[in-house]
Amino acid sequence: MKRSNDFIVGLVVLGSVVGIVAFALWLSQANLGSARREVVARFTDVGNAKVGNSVVIRGVESGHIESIELESTGWVLVRMALDHDVKLPGSPVVLLSESSMFGEWQATIMDRAAAPDDADVQQQLAQSGAAGHGALPGARLPDIAQLTAVAGRIAGDMSRVADRVQVAFDDRAAVELRQSIRNFADLSSELERTVRVQSQGLSQLSSDVHRTVTSVNATAMSLERTATRVDSSTSKGEIAQIMGNVNEASADIKATSHDLRDASHSFLATQQQLTSVLTHADSVLGKIDRGQGSLGLMVNDPSLYQNSDALLSQMRELVAEIRAHPGKYLSVKIF
Amino acid sequence: MIKWADVYKSFGDKKVLQGFTLDVQEGETVVIIGYSGSGKSVAIKHVVGLLEPDRGTVIVDEMDVPTLPRRELYELRVSIGYVFQFAALFDSMTIGDNVAMGLRQRKEMSEHQIAQRVSEALELVDLPNVEDQYPAELSGGMRKRVGIARAVALRPKYILYDEPTTGLDPVTSAVIDELMIRMREKLGVTSVVITHDMRSAYRIGSRIAMLYDGRVRQVGTVEEIRRTTDPIVRQFIEGRATLDDQQPASATALAGGASVGGGRA
Amino acid sequence: MAIAQIRSVIEATGRWVRFRLEEVGRAGRFLGQLARALTDVRTWGPMATLQMRTLGVDSLPIGLLIAVFTGIVLALLASYSFTGAVPLYFVGTLVEKTTTLELAPVLTGLALAGRVGASIAAELGTMRVTEQIDALETLAYDPEAYLIVPRVVAGTVMFPLIVGVAMVVGLGAGWVASLGLLGLSSEEFLKGARLFYENFDITYGLVKAASFGFAVTVIGSYQGLQAEGGAEGVGHAATQAVVYSAVMILVLDAFWAMTWLHGRSG
Ligand SMILES: Nc1ncnc2c1ncn2[C@@H]1O[C@H](COP(=O)(O)OP(=O)(O)O)[C@@H](O)[C@H]1O
Ligand SMILES: [Mg+2]
Numbered sequence: 001m002k003r004s005n006d007f008i009v010g011l012v013v014l015g016s017v018v019g020i021v022a023f024a025l026w027l028s029q030a031n032l033g034s035a036r037r038e039v040v041a042r043f044t045d046v047g048n049a050k051v052g053n054s055v056v057i058r059g060v061e062s063g064h065i066e067s068i069e070l071e072s073t074g075w076v077l078v079r080m081a082l083d084h085d086v087k088l089p090g091s092p093v094v095l096l097s098e099s100s101m102f103g104e105w106q107a108t109i110m111d112r113a114a115a116p117d118d119a120d121v122q123q124q125l126a127q128s129g130a131a132g133h134g135a136l137p138g139a140r141l142p143d144i145a146q147l148t149a150v151a152g153r154i155a156g157d158m159s160r161v162a163d164r165v166q167v168a169f170d171d172r173a174a175v176e177l178r179q180s181i182r183n184f185a186d187l188s189s190e191l192e193r194t195v196r197v198q199s200q201g202l203s204q205l206s207s208d209v210h211r212t213v214t215s216v217n218a219t220a221m222s223l224e225r226t227a228t229r230v231d232s233s234t235s236k237g238e239i240a241q242i243m244g245n246v247n248e249a250s251a252d253i254k255a256t257s258h259d260l261r262d263a264s265h266s267f268l269a270t271q272q273q274l275t276s277v278l279t280h281a282d283s284v285l286g287k288i289d290r291g292q293g294s295l296g297l298m299v300n301d302p303s304l305y306q307n308s309d310a311l312l313s314q315m316r317e318l319v320a321e322i323r324a325h326p327g328k329y330l331s332v333k334i335f
Numbered sequence: 336m337i338k339w340a341d342v343y344k345s346f347g348d349k350k351v352l353q354g355f356t357l358d359v360q361e362g363e364t365v366v367i368i369g370y371s372g373s374g375k376s377v378a379i380k381h382v383v384g385l386l387e388p389d390r391g392t393v394i395v396d397e398m399d400v401p402t403l404p405r406r407e408l409y410e411l412r413v414s415i416g417y418v419f420q421f422a423a424l425f426d427s428m429t430i431g432d433n434v435a436m437g438l439r440q441r442k443e444m445s446e447h448q449i450a451q452r453v454s455e456a457l458e459l460v461d462l463p464n465v466e467d468q469y470p471a472e473l474s475g476g477m478r479k480r481v482g483i484a485r486a487v488a489l490r491p492k493y494i495l496y497d498e499p500t501t502g503l504d505p506v507t508s509a510v511i512d513e514l515m516i517r518m519r520e521k522l523g524v525t526s527v528v529i530t531h532d533m534r535s536a537y538r539i540g541s542r543i544a545m546l547y548d549g550r551v552r553q554v555g556t557v558e559e560i561r562r563t564t565d566p567i568v569r570q571f572i573e574g575r576a577t578l579d580d581q582q583p584a585s586a587t588a589l590a591g592g593a594s595v596g597g598g599r600a
Numbered sequence: 601m602a603i604a605q606i607r608s609v610i611e612a613t614g615r616w617v618r619f620r621l622e623e624v625g626r627a628g629r630f631l632g633q634l635a636r637a638l639t640d641v642r643t644w645g646p647m648a649t650l651q652m653r654t655l656g657v658d659s660l661p662i663g664l665l666i667a668v669f670t671g672i673v674l675a676l677l678a679s680y681s682f683t684g685a686v687p688l689y690f691v692g693t694l695v696e697k698t699t700t701l702e703l704a705p706v707l708t709g710l711a712l713a714g715r716v717g718a719s720i721a722a723e724l725g726t727m728r729v730t731e732q733i734d735a736l737e738t739l740a741y742d743p744e745a746y747l748i749v750p751r752v753v754a755g756t757v758m759f760p761l762i763v764g765v766a767m768v769v770g771l772g773a774g775w776v777a778s779l780g781l782l783g784l785s786s787e788e789f790l791k792g793a794r795l796f797y798e799n800f801d802i803t804y805g806l807v808k809a810a811s812f813g814f815a816v817t818v819i820g821s822y823q824g825l826q827a828e829g830g831a832e833g834v835g836h837a838a839t840q841a842v843v844y845s846a847v848m849i850l851v852l853d854a855f856w857a858m859t860w861l862h863g864r865s866g
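Residue numbers (my numbering), protein chains in the order written: chain Z, 1 to 335; chain G, 336 to 600; chain U, 601 to 866.
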C-alpha cells in the first residue's frame with residue numbers, strides 16, 4: 001500500500017508539474033528549441049514602452065522587448081529578443097509607438113527609408129544613429145494623447161475669437177481674428193502631422209481619421225490664405241470689398257451648425273459628420289477667401305455672429321467629446 | 336528507581352496532586368489504588384513526561400524528568416512501557432503495526448525479528464493471530480490486551496500499567512496478572528500498576544499505595560495494607576459504601592425498619 | 601457594590617487579554633516546534649507520501665470540479681460585462697487573469713480548507729482525546745515530526761499543484777465555453793488570453809496556493825492537538841479549523857495582493 005501511494009503521488013506530482021510548466025510556456029508563447037536573437041536600439045525617450053511589449057516587423061509580431069536600461073550617457077537602451085529566423089531590413093531603425101488605446105506600446109523595426117518623413121522623427125533617428133555603434137537608431141512617435149491635446153488647444157483659440165467677434169468687430173478684433181486664424185492653421189497642420197506620422201508608422205489607425213485630418217489640413221491652408229486676406233483688407237480699410245453674397249454664406253453657416261448639432265447628438269456616424277463640418281467650414285472660408293464671404297456681415301448682422309458663434313461652440317463640444325472618448329472617433333480598428 | 340518527590344499538579348482550578356510522594360525500587364511492583372478521578376493516571380503520566388508537575392519533581396534512574404532535554408527524554412521513554420487505561424491503539428494501523436511501532440522506532444531489529452517479537456508479545460496476552468486485524472475489529476478487552484502487548488514487546492526496564500484488568504473477564508484478568516508477575520520474576524521488570532481490583536493487587540503487588548486527596552494516604556506491603564487501621568484505606572480495600580464505624584443514613588433506616596419488623600414478628 | 605462590579609469587569613478584561621496572549625504564545629511555540637521537527641526528516645519523510653495522497657491527490661477531483669465551473673462562469677460573465685464597448689476576445693484575457701491570479705487559488709483553497717482542514721483537525725483531535733498522541737510519545741515518537749510535519753509539508757506542496765492544475769482546467773473550461781456558448785473563435789480567445797499574460801500570473805497564484813496549504817494544514821493540526829473532551833471536542837476542533845482556515849485564506853489573499861501584486865503595479 002505504501003508503494004502504491006508513492007507511485008500515485010509521484011505520478012500526480014510529475015504530471016501536474018509538467019502540465020503547469022507546459023501551460024505557462026504555451027501561454028507566454030515561448031519558443032523552446034529555436035534560439036532567439038537579440039537586437040539593441042538607442043532612444044532619447046521610450047514613452048510608455050515596457051518590458052514584454054511586442055516587436056513588429058512589417059506588421060508581423062516577431063519578438064518582444066526584453067529589457068529597458070537607462071544609460072549613463074543619457075540614452076535609453078532597449079534590448080529586444082527576436083525569433084531567430086527573422087530577417088531585418090537593410091538599414092534597420094526602431095520606432096516606438098502606441099499599439100492600442102489602452103496604452104500598450106510596441107516597437108516596429110523598419111527600413112530607414114520607410115520611416116515617417118517627419119522632421120522630429122528624422123532628427124531623433126539621426127541623433128541616435130550618430131551616438132555610436134552597437135545599437136540601432138531609435139525614435140519615439142508622438143502618441144495619441146498629444147493629438148487630442150492639439151485639438152483642445154484649437155478649440156480654445158476658436159472660442160476666444162468667437163468672444164471677440166460677438167462683442168464688436170473692430171480693427172483689434174480683426175487683428176485677433178488674424179492671429180487666431182494663424183494659430184488655427186498652425187495647430188491644424190500639427191494635428192495633421194501627428195496623425196500622418198502615426199498612420200505611416202502603424203497600420204492600426206483608421207484611414208477615416210487620416211482622411212478627416214487631411215480635410216482639417218485643407219481648412220487650415222484655406223484659413224491661412226484668409227488670414228492674409230483679412231490682414232490686407234483691414235489695413236487698407238477694404239472690408240467692404242470682401243463682402244458679398246451674404247445670404248449664401250449665412251445659409252452655409254446655418255447648415256454647418258445644423259450638421260454639428262446632429263453630430264453632437266448622435267455619434268454613430270461622427271466620422272462623416274466631422275468631415276462634412278470641416279468641408280462646410282472650408283467652403284465658407286473659401287468664399288470669404290474668394291471675396292464672396294460674409295466678414296462684412298459679421299460686423300453688421302448680429303444673427304450671423306450668433307450663427308458663427310454656434311458653429312464654434314458646437315465644434316468646441318465636438319473636440320471636447322473627442323478628447324473625452326477618443327475611442328469612439330478613432331474607430332475600433334485601433335484594437 | 337522511580338521517585339515522585341512532593342508533586343503538585345492542577346488543571347485550572349482543579350487541584351489533582353498535592354504533595355504526592357512515592358518511590359518504586361528496582362524489581363518491585365507497586366500497586367496504586369484510589370478512587371476514580373483521584374489522579375492516579377495523572378501521577379504516572381508524570382513518569383514519562385506526558386505531564387509536567389507544577390511543583391516538585393519526578394526522578395527516574397537519577398534523571399530529573401521534567402527538566403530533561405528532549406532527546407534524553409525520548410531515550411528514557413524507550414526504557415519505559417506504558418499501558419494506557421483505554422488502550423490508546425492507533426486505529427489507522429493493524430494490530431501488528433501497533434505492537435511493532437515502538438520496536439521500529441528503536442531501529443535495532445530487522446523487520447523479521449520485529450514480526451517475531453510482535454507475535455510473541457500477542458501470544459503472551461493470549462491473542463494469537465490478530466496481527467492483520469484493525470483495532471476497531473476487536474472487543475474492548477482484546478484491545479486492552481493489545482495495549483499491554485505493545486508495552487511488553489519493547490522488553491522495557493519499567494512498565495506502567497493503567498488499570499490493565501479493568502473490564503476484563505476473571506479468567507483473562509488472571510492471565511494478565513500472571514503475565515505481570517512473570518515480567519517481574521523472569522525479566523526483573525519494575526512496575527507500577529494502577530488497579531481497583533484488590534484481589535489482583537494483593538496477588539501482584541510488592542507494595543500497595545493508596546492515593547487520596549492528592550497525596551499518598553498509606554503505603555506498605557500487602558500484609559500491612561490488609562491489616563491497616565486507617566478507616567479510609569479500610570473502606571476502600573473492603574469496598575464498603577461507608578467508613579468503618581459509621582452506618583449510612585439509609586442503612587440505619589433499613590436496619591431500624593428491620594428491627595421494628597422483627598419486633599412484631 | 602458598584603466598585604465591586606467595576607472591579608470584576610476590569611478583572612474580566614485582564615483575564616481575556618491574558619488568555620489571548622497565552623493563545624498567541626501557544627501558537628508561537630507550536631510553530632517553533634514545527635520548525636524544529638522539520639529537521640527530523642527521517643521521521644516525517646516516510647509519512648509524507650501518505651499525506652500527499654490523502655490531502656493532495658484525493659483532493660484533485662473537487663479542485664477540478666470547481667475549476668471547470670469557474671472557467672465557464674467567468675467566460676459568460678466576461679461576455680456579459682463587455683457588451684459592445686470592449687472586443688469579445690477580452691473574454692480570454694479576463695478568464696486568464698482571474699483564474700490564475702485569484703479564483704483558482706482562493707476557491708480551491710476555500711474548498712480544501714473544508715476538506716483538508718476539517719479532516720486533519722478531526723483525525724488529530726480524535727487521536728488526542730483517545731490518548732493516541734500520548735501513546736506515540738511514550739513510544740518515543742515526536743508527534744510534531746511524525747504527525748504534523750508530514751501534513752504541513754503535504755499541504756504546502758500539494759496545494760500549488762492542485763491549484764496549478766485548476767488553472768489549466770479553468771482556462772480550458774473558459775475556452776470551451778467561449779467556443780460553444782459565445783461563438784468566439786479559438787484564435788480570438790487565445791489572443792485575449794495571451795495579450796496580457798505574464799509568467800508572474802501563474803507564479804503568484806502558485807505561491808499564494810502554497811501559503812494557503814501551509815496555513816490550512818497548520819491550523820488544522822493546531823486545532824486537532826488542542827482538542828479536549830471527547831467527540832464534542834473533536835467536532836469543535838474541526839469547526840474551528842475550517843473557520844480559521846477560511847478566514848486565514850482571505851487574510852493571506854489580501855496580504856499577497858497588498859505586498860506583492862500592489863508592489864508590482866507600482
Ligand atoms: N489533561 C487534563 N486536563 C484537565 N483535567 C485533567 C486532565 N487529566 C486529568 N484531569 C483531571 O484530573 C483528575 C484526575 O484524573 P485521573 O488521573 O485520570 O484519575 P484516575 O485516578 O481515575 O486515573 C480528573 O478529575 C480529571 O478530570
Ligand atoms: Mg485513570
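All residues carry an ideal CB built from backbone N, CA and C; glycine is no exception.
Taking the beta carbon of residue i as the centre, do at least 16 other beta carbons fall within 10 Å, making it buried, or is it exposed?
i, result
"Ile606 of chain U", "exposed"
"Asp399 of chain G", "exposed"
"Pro404 of chain G", "exposed"
"His862 of chain U", "exposed"
"Arg864 of chain U", "exposed"
"Leu424 of chain G", "buried"
"Val481 of chain G", "buried"
"Ile379 of chain G", "buried"
"Lys808 of chain U", "buried"
"Met336 of chain G", "exposed"
"Ser371 of chain G", "exposed"
Quick one: give me the first and last residue of the beta strand (DSSP E) that residue i is part of.
i, result
"Val351 of chain G", "349-359"
"Ala107 of chain Z", "105-111"
"Leu336 of chain Z", "With chain Z represented from 1 up to 335, any question about residue 336 of chain Z goes unanswered, as that position is not in the structure."
"Ile543 of chain G", "542-547"
"Arg602 of chain G", "Because chain G in this structure spans residues 336 to 600, residue 602 of chain G falls outside the shown range and cannot be described."
Which one or two residues does DSSP pair with residue i in a beta bridge?
i, result
"Gln122 of chain Z", "DSSP lists no partner for Gln122 of chain Z."
"Asp341 of chain G", "For Asp341 of chain G, which the question treats as bridged, DSSP gives no partner whatsoever."
"Ser97 of chain Z", "Z:Gln106"
"Ser526 of chain G", "G:Thr364, G:Ile494"
"Ile57 of chain Z", "Z:Val60, Z:Ile109"
"Ser67 of chain Z", "Z:Arg79"
Taking only heavy atoms of ligand 2 into account, decide whether any of them is closer than 7 Å to the Cβ of residue i.
i, result
"Lys492 of chain G", "no"
"Ser719 of chain U", "no"
"Glu731 of chain U", "no"
"Glu498 of chain G", "yes"
Hey, would you say the C-beta of residue i is under 7 Å away from at least one heavy atom of ligand 1?
i, result
"Val377 of chain G", "yes"
"Phe421 of chain G", "no"
"Phe346 of chain G", "yes"
"Lys349 of chain G", "yes"
Mind checking which residues open and close the alpha helix (DSSP H) that includes residue i?
i, result
"Glu573 of chain G", "566-573"
"Leu694 of chain U", "690-698"
"Tyr417 of chain G", "Here Tyr417 of chain G belongs to no alpha helix (DSSP H); instead the beta strand (DSSP E) covers 415-418."
"Ile762 of chain U", "749-782"
Within 7 Å: the Cβ of residue i and any heavy atom of ligand 3?
i, result
"Val382 of chain G", "Among the ligands in the structure shown, ligand 3 does not appear; only ligand 1 and ligand 2 can be found there."
- Message: Quick check for students: name the residue ranges of the alpha helix (DSSP H) that lie wholly in the stretch 828-865 of chain U, counting only runs of 4 or more.
- Response: 830-856, 862-865
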